[in-house]
Structures are given as structure tokens and as C-alpha cells.
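All residue numbers for the sequence shown refer to the numbering used here, where the first residue is 494 and numbers rise by one.
Think of the CB as a built atom: it goes at the ideal place given N, C-alpha and C, for glycine as much as any other residue.
All values reported here derive from a predicted model rather than from experimental measurement.
What follows is a short report on a single structure.
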Amino acid sequence: MAEEKQIPYKIYLEEQEMPEAWYNVRADMKNKPAPLLNPETLEPMTAEELGVVFCDELVKQELDNENPYIKIPEEIRSFYKMYRPSPLVRAYCLEEKLQTPAKIYYKFEGNNTSGSHKLNSAIAQAYYAKNQGLKGVTTETGAGQWGTALSMACAYLNLDCRVFMVKCSYEQKPFRREVMRTYGAQVTPSPSETTEVGRKILKEHPGTSGSLGCAISEAVECATGMEGYRYVLGSVLNQVLLHQSIIGLETKAALDKYGVVPDIIIGCAGGGSNLGGLISPFMGEKLRGERDYQFIAVEPASCPTLTRGKFAYDFCDTGMVTPLAKMYTLGSGFIPSASHAGGLRYHGMNPVLSQLYADGLMEARSVEQTSVFEAAQMFARVEGILPAPESAHAIRAALDEAMKCKETGEEKTIVFGLTGTGYFDMFAYGRYNDGEMSDYIPTDAELQAGFDGIPKI
Ligand SMILES: *Cc1c(COP(=O)(O)O)cnc(C)c1O
């Protein structure tokens, strides 16, 4: 084996080493993700139909299963340069603390004001909207990271931005809301009285604290009802996973510099975009038979989409206004328990990741939230970064894998995605610190209620 070069705490790429194209893992998949279906005709959605809701260039990317590389426009690259390339950190302090022979790395995406990886896709989507001559975009946001990222991108490009924010987050995270408004976005708590679907949901579930699926329905209705507006989405869609491939491409480039080959690659999975982006170039190698890796998706036990969901065509939203996507799903009516505080609460999973998981190319595991916050706290104390609870799901699994190495003496190389910072999640941290956080695992009967709402196709 070649002598290992001394690896710095942080591996930074030079600006000019930042990828010039996104990598589209679909091009290397034998079993392509199933197409989006029109819920009325059950025929694959055409570009024309999708163009009513989404920007034209993004529709092209959504439907592109063939081109492995898609050039990143220069304007997007110059925006990326404000906060990218992001560092790949060797977690020496964590390794020391755990006394593990494992080598741990994390790719940190929290180094921008929005505090997460979501900015990577927000700027791309805003750019294509602007390029098409649109006036503005609408979207939903749960915890608020996506809305923040999109409002930053829209401010940069001078595009109007309307955000439907899940009501409980709107109330619990007023500072996120104010960040968005500072960047010029209009923020509405969802469900709201401003849309037909919002009024309907409020009537059926008075006092509901909202859900992502419900906010999506409102944002789609708002976009299609206004001239010069389109809807944009922060995760789940294949185009978002494509934009997030920059995470994986940079990670691979940084590791290649030092001749490091990971054994295990771990990411948290909400709608699947950061995980999909992180693993894409590595998965490409695996799909082409060049190298093997172990990929682990980590999700909350209270929203166990991959580990307990069904692989079926389902709606992407509660109001059932979106196309049908074939994905792992808990049913579009599924809303995680109110005690769930760790994010990653979406009912479905990106179709590319769903297909890869169905084909046995990726593993998934679920973790309980107190163990997630325990990992977050430990990580913060030794590595210094206060992680987002979402990111802490990946930390949890990385710690578990590193501890397995300690038992077996294996020197595995573990890479995980640290998707963001947790400054706006102090309400949840507070509950953990006060010992008031509990774990909730839905029963089979509770999940069945969600499955019953999946359309029979
Ligand atoms: C949104 C978000 C996630 C989950 O979304 P994915 O699309 O699954 O990546 C994870 N971490 C952070 C910090 C987020 O903001």
C-alpha cells in the first residue's frame, strides 16, 4: 500500500478546482428511476405539462436520464464561489475522543448564511427562472433552511420569492422567518387562508400545525395561479439531487488529492438530495463496476420512509395536486408525531435514491431522536461545529460505525455529510438539554393509515 500522505485537518480545494459540471447519476443506472405520472391520465408527465409548474430548463434536467454531465452555468459558478468549495474535514478530534482506528471525514455544507447545502440548488433554480424571464418563484419550507437559501438566491438575482412556511416552524423559528424577510421574501404560514387547498386543509384539520406536503400544495397553487411565476422545490426532485452532486464531486476531488478511498459513505435522508448528491460520483463508480462502497442513508425512526415505507407511486404533497412519483413513501397524508424535533419529516424519498435502494445498492437505517441529539452534542463538544439536527442523523451513524471499528480493529474510512448548522434549532436542543425529549416510533397500525392513502395503481 502506498504510504499515506499526512492529511490536513481541512482539505480545501482551490477555487479553480470546483467542478464545472454536475454529475447525473441516472446516466449510469441500469434501472432508471420511474417517470413522474400525470395523476389523471396515469401517463408519464410530458415536458409541456411539467412546464406549467416548473421552469423549462429545470424540466429538461428533471427528465434527463441520459447525460452524465451537465455544465454548471458560469453565473451559478460565480455565486458558488462565495461559499464554495466547501471544506472536507478530517475529524481527528472525534477519532481521538472515540479512540477508534476508523478514519472519519465530513463534508461541511454549513458555511453560508442559510446554514445548509440547500443553497447549492436554490441558486441553480433561481438562475434558470431568471433566465426564462420569470418574475418570481414560490416554494414551501419546513424547518426554514430551504426558504432561507431560496430567498438569498432570489435576492442576488432580483427575483420575487414567496415562501409557504410550515406553521409550527413559522411559530417556533421566528428568526428564520426574519432572515427570509430580510432577503426580501414574502413568508406565509401554512396552511393558510390564501389558497383554496390551504382553506380546505384548515377546514378538515382545524388547528393543524401544518406539514411540508401541505405547504407544497399551497405553493404549487400559488405559482400556477400567477402570471410569470413557477414553483421550485428544495429536495425530492431529481434536478435537486443533480445540483447537489457538487457535494460529492468536491468530496471525491478532495479525497483523490490524498489518495484516500472511503469504505463507508453516510448521509441523512429527508427528501434525499444531500445524500444523493454526496454519493452520486461514488455510486457512479459502483454502477460502472469500477469500485465498491457501502452507502448508508440515515432517517428518523419517527419518519421511517426507506426502512418502513412502501415503494409505490404516490403524491408529493398532501393536497394531491402534484404529479405522482414512484418512491419510497409513508403516504402523502403522513405527518410525524408532534414530539418529533429532528427534521427530515417528509413522507417520500427522491425517486433516484428510491430505485437505488430498491436495487440493493444502498442501505438505510433509522435512528431515534434522543440518540441523534446525544451524537450532536458530543460532536459539537469535540469538533466545535454545532450541527443541524438533520445532519446529526449522519453523525449518529458515523459514530456507530466508528465504534464497530473499535471493536473489530478495522481501520475503515468513513465519510459523512455534515449538511448544516443548528443555530435555529435551539428550541429542540433546549428540549434535549432539559431532558424533555422523547422518542416516538409509529406503530404499524399508524403507518397503515398513511399507506391507505397511497393511490392504487
Ligand atoms: C433540508 C435539510 C436536510 C434534508 O434534506 P435532503 O434533501 O434529504 O438533503 C438535511 N440537512 C439539512 C441541514 C437540511 O437543511
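Taken in chain order, the complete beta strand (DSSP E) segments of 3 residues or longer contained in the segment 694 to 725 are 722 to 724. Between residue 884 and residue 715, the gap from beta carbon to beta carbon reaches 8 Å or more. With a cut-off of 8 Å on Cβ pairs, the segment 867 to 877 is in contact with the segment 886 to 901, counting three or more such pairs. In this structure, DSSP gives residue 534 a state outside helix and strand, which the three-state scheme calls coil.
With the rule of 3 Cβ pairs closer than 8 Å, the segment 600 to 611 counts as touching the segment 909 to 924. Taking all protein chains in view, the Cβ of residue 651 is surrounded by fewer than 16 other Cβ atoms within 10 Å, so the residue is classified as exposed. The alpha-carbon separation between residue 634 and residue 828 amounts to approximately 15 Å.
DSSP, read as helix, strand or coil, puts residue 793 in strand. Judged by their CB atoms, residue 740 and residue 600 are nearer to each other than the 8 Å cut-off. Residue 763 has its alpha-carbon roughly 20 Å from the corresponding atom of residue 941. The residues 538, 816 and 818, in chain order, have a CB closer than 6 Å to that of residue 529 in the same chain once the five nearest residues on each side in sequence are set aside. A Cβ-Cβ distance of about 7 Å is found for the pair residue 677 and residue 647, placing them in contact under the 8 Å criterion. Remark: the shortest separation between the CB of residue 822 and any heavy atom of ligand 1 does not fall under 7 Å. The criterion of a C-beta distance shorter than 8 Å is not satisfied by residue 691 and residue 669.
If the five residues before and after residue 742 are omitted, its C-beta is found closer than 7 Å to the C-beta atoms of 512, 516 and 774, all from its own chain and listed in chain order. Pairwise C-beta distances place the segment 688 to 703 out of contact with the segment 799 to 806, as fewer than three of them are shorter than 8 Å.
At the C-beta level, residue 658 and residue 629 stay beyond 8 Å of one another.
The alpha carbon of residue 902 has as its nearest neighbour, out of 911, 772, 591 and 937, the alpha carbon of 591. Around the Cβ of residue 899, a 10 Å sphere holds fewer than 16 other Cβ atoms; the residue is exposed.
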